[in-house]
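Heads up: the structure comes next, in structure tokens.
Residue numbers (our numbering), protein chains in the order written: chain A, 48 to 629; chain B, 195 to 509.
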């Protein structure tokens, strides 16, 4: 072994030691705070469109082109501008869908817009409930906690003293309009109230849940059929689509009988029940929806549909991808989905340009009942960690005030760019839409996605109010030629279908079925038995539908439900309801 | 005497020096072990203290120190669940099926591949067989669902023979065989690698001698090849005992559905539903701890068996 070899080995050892120590030090070092400069809105990409450059005027690069462009008026100003305030917000479960390719979850056009217009930079933290749990365990909660799902978690946060009591600041800062829109006094507030003190603001959306039944209008036209309105008519139309070779399956369905996509919620609703919701029974007490007698008729209908081939034969094994593939692939003619379904159906329109969707009515049952799930909202909230700078709470409540103000008192024709189909998205010229002469057209980079609570620029869902749709009525009342460009953009085209779909639900509030528990009951029995009981009803229901079990098995299911913890859970839910319902 | 002492002292010093030089020569190797030990300690042993929550009603905000102690309540909850017998049975059937059939097919595949003389063909087949190992179950599961669907390729082929479409993943009686088969399909090529390596260690002169003595291909396989890799077969079989409670969460989670719960629900999917979705972390930890204890016992047993039948020892 010569000297050269020894040196090499020593070097190797040094290098190995350096790497090991360096790795260890890096792993153990605390997370480096983001430099202030980095929190500033980054520069725009070099390639900007002429429309963007034109829009880059005082008031913000992405300020809507409201003033004077189609009728005058000014935007509602933000009530108070803050200076370089950063608010950390967690924990959105989903990534942002931005129309700008280079945008990220943490840094995107919507966040930059807010920074420019309000002075507040929202530093977003993703990860959903898992990230929240980790942060709770590490005592490392962000300033603001939002989109928390599950009453158990919220209860843990409040009982554990992790949330700031915002009663006073809420009272002094929230505008009358915000308090009204946020339904002060509604049972939604049970989530965040303990002994009269407020620890957060519930989401309390006023939106309809899933529940629009979309029907292939082009197929109806081809077969000269009238839109179905009852369960029987839906089955007949589905069979006709199949018989004529237009569809492989009649009505889209998959293994989840109650779902936001291809769910059979409305079949249950047509019999006055909703399996996953807590509903009042004949005695006025709360009962788990799956145990109510109306399920027998609903299961009978579904069983018949499955046996007759109205529902896909592979329904028990089909998953989300399968069912979406059936919708986009021209294989089904009828499906249930959220009201934003038409915007989600672009793949269908692209592949089958002749495809047209009709927004159907929720099917009526034999006794004329109709029902769909309202958004079960109570288990989502905005709250602030204990000890947060109260100016941040004030800023966010002011932000709520601003949003509700511009919804309620928007200047005619000046604020339409904020009038979203759902969840109040902000639209951006050059992205979501572009001006073509005096026409507004779909933007080149948009995905036609109007946002969701998780993508919303504000770290909370401000609630979609029906007021927005009241204005929609006014727009719809006009003839097309009398509408201004933005009104045409809003009321015509694919995106407009979503607004119409939402309207079809909100026009009939009597069809919305409300979960009396709001999904927030933090009882120990519910926590202990919920997973088993959910599995029980889902398993038994699907087996009854596909014919593995007779319809008479429903009674034994109910007995088993109560024997396996359902009785304790029901007692607990009723006790909580009696104490907290408003 | 003095001379003896001097010689002895001299011999001792030489041994010491030799030990020193041996240690110095191997020092780089020992140092290179350090990062591995650090990782092992940080990520495997240090977090172990977290198992205390199996005996608590753990609440993240209260932490380990302040969460209330509940003794064996979480374990009782597991064993008082009416479905526990079914879940254990499903877990054992699926896991054992995978172990036994998987081992068998890997051996058969290795033996067959060993008989192939065209090296290009051999390599292509071997690569094609184990490439599936690198696909996650999220991807492979989607392929399986598509292939085995009512409108999938398999049912199209069966229809050619006049067979009615079969819902492989939607019938309780068929789910377990389908799960076992698809897992073996995904992993048999990878599992055969060790056997193929063992085959290369067999002395080729044994085959030549057997050929001279008139032994045919089958005779050589049964009398030379199989005995040659027998220690490896025994070793791997014994070691796989430790995995009898691991029926494969990812696979079952991707493939199962409400209709086949009675034959598909395994310990891991149960823990996922109740423990993680239901936010019962203590319960999930209790089940995990129990699984680990059973696995520890089985690994000890497998080590004993491996020593007994394959002369395999670590210590």
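Glycine residues also receive a C-beta, built at the ideal position from the N, C-alpha and C atoms.
- Residue 350/B carries a helical assignment under DSSP once its states are collapsed to helix, strand and coil.
- Considering only beta carbons, the part of the region 355–366 of chain B lying closer than 8 angstroms to chain A consists of 359, 361, 363 and 364, in chain order.
- By the C-beta criterion, the region 238–245 of chain A is judged to be in contact with the region 204–222 of chain A, since at least 3 inter-stretch pairs fall below 8 angstroms.
- What residue 360/A touches in chain B, judged by beta-carbon distance under 7 angstroms, is 344, going in chain order.
- Residue 381/B and residue 435/B have their alpha carbons spaced roughly 17 angstroms apart.
- Think of a sphere of 8 angstroms around the beta carbon of residue 204/A: the chain B residues whose beta carbon falls inside it are 255, in chain order.
- Sequence-ordered contacts of the region 159–192 of chain A with chain B read 180, 183 and 184 [C-beta pairs closer than 7 angstroms].
- At a cut-off of 8 angstroms between C-beta atoms, residue 261/B does not count as an interface residue with respect to chain A.
- At a cut-off of 8 angstroms, the C-beta of residue 245/A has no neighbouring C-beta in chain B.
- The distance from the Cβ of residue 565/A to that of residue 234/A is about 6 angstroms, consistent with a contact at the 8 angstroms cut-off.
- Closer than 7 angstroms at the C-beta level to chain A, one finds these residues of the region 233–253 of chain B: 253.
- By the neighbour-count criterion, in which 16 or more other beta carbons inside 10 Å mark a residue as buried, residue 380/A falls on the buried side.
- About 21 angstroms separates the beta carbons of residue 363/A and residue 286/A, which is beyond the 8 angstroms limit, so they are not a contact pair.
- Contact of residue 199/A with chain B by beta-carbon distance below 8 angstroms involves 473.
- Within its own chain, the residues whose Cβ lies closer than 8 angstroms to the Cβ of residue 417/B, once the five positions on either side in sequence are excluded, are 404 and 409, listed in chain order.
- Burial state of residue 253/B is buried, judged by a 10 Å Cβ sphere holding 16 or more other Cβ atoms.
- If you draw a straight line from the Cα of residue 356/A to the Cα of residue 347/A, it comes to about 14 angstroms.
- Measuring C-alpha to C-alpha distances from residue 281/A to each of 571/A, 342/A and 317/A identifies 317/A as the nearest.
- Taking the C-beta atoms as reference points, residue 441/B is found nearer than 8 angstroms to residue 462/B.
- With fewer than 16 other Cβ atoms inside 10 Å of its own Cβ, residue 614/A counts as exposed.
- Counting every other CB atom within 10 Å of its CB across the protein chains shown gives residue 298/A a total of 16 or more, marking it as buried.
- 451 and 452: these are the residues of the region 428–452 of chain B whose beta carbon lies less than 8 angstroms from some beta carbon of chain A, given in chain order.
- The beta carbon of residue 207/A falls within 8 angstroms of a beta carbon belonging to chain B, placing the residue at that interface.
- In the three-state DSSP reduction, residue 244/A falls in the strand class (E or B).
- Annotated three-state conformation of residue 415/A is coil, per DSSP.
- Residue 262/A is bridged by DSSP to 381/A and 405/A.
- Here the alpha carbons of residue 608/A and residue 583/A stand approximately 7 angstroms from one another.
- Residue 336/B belongs to the set of residues whose beta carbon lies under 8 angstroms from a beta carbon in chain A.
- Between residue 314/A and residue 388/B, the alpha-carbon positions lie close to 56 angstroms from each other.
- Residue ranges of uninterrupted alpha helix (DSSP H) with 4 or more members, entirely inside the region 373–426 of chain B and ordered along the chain, are 398–406 and 411–414.
- As a beta-bridge residue in DSSP terms, residue 133/A pairs with 168/A.
- Along the length of the region 309–390 of chain A, whole beta strand (DSSP E) runs at least 3 residues long occupy 325–327, 333–335 and 379–384, reported in chain order.
- DSSP, reduced to helix, strand and coil, places residue 138/A within a strand of the structure shown.
- The Cβ atoms of residue 363/B and residue 339/B sit closer than 8 angstroms to each other.
- In the DSSP annotation of this structure, the continuous segment of the beta strand (DSSP E) that includes residue 428/A starts and ends at 428–431.
- Counting every other CB atom within 10 Å of its CB across the protein chains shown gives residue 419/A a total of 16 or more, marking it as buried.
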